[in-house]
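Colleague: Just dropping this structure here.
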Amino acid sequence: MPENVAPRNGEHKRAYQDWDKTTQICFSNISMAKAFADAIRTSLGPKGMDKMIQDGKGDVTITTDGATILKQMHVTSSSQNADRVL
């Protein structure tokens, strides 16, 4: 569409809603990444703490390995389940 032509009725509104949804998803992803970083951060280094992870079956895993922690974290929606690491 040429720049000097105004958008048709409803096009501008839909574009804004899509942008708003994109922004919400972006902030949700940033929040999720921060939650993962917080879960892993305290397990790193010589004074790293152990993490106790309980899966859906009730099995408990105790580890300091970041890869194991991330594999055990099953996230089904945005940041609701990011704090599964105890």
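With the sequence shown counted from 1, adding 14 to any position gets you the working numbering.
Where is the CB? At the ideal position from N, CA and C, for every residue including glycine.
(1) Give every residue of the same chain whose Cβ lies closer than 8 Å to the Cβ of Gly-62, excluding the five residues on either side of it in the sequence, and list them in chain order.
(2) Can you say whether Ile-54 is buried or exposed, counting buried as having 16 or more other CB atoms within 10 angstroms of its CB?
(3) Starting from Lys-85, trace the alpha helix (DSSP H) in both directions and tell me its first and last residue.
(4) My understanding is that Gln-86 touches Asp-64, with C-beta atoms under 8 Å, so please give their C-beta distance in whole angstroms.
(5) What is the DSSP secondary structure of Thr-77, reduced to helix, strand or coil?
(6) In terms of residues, what are the limits of the beta strand (DSSP E) holding Met-66?
(7) From Thr-75 to Met-46, what distance separates their C-alpha atoms?
Modeller: Considering the structure as presented:
(1) Thr-56, Thr-78
(2) buried
(3) 80-86
(4) That pair is no contact at about 13 Å.
(5) strand
(6) 65-68
(7) 22 Å
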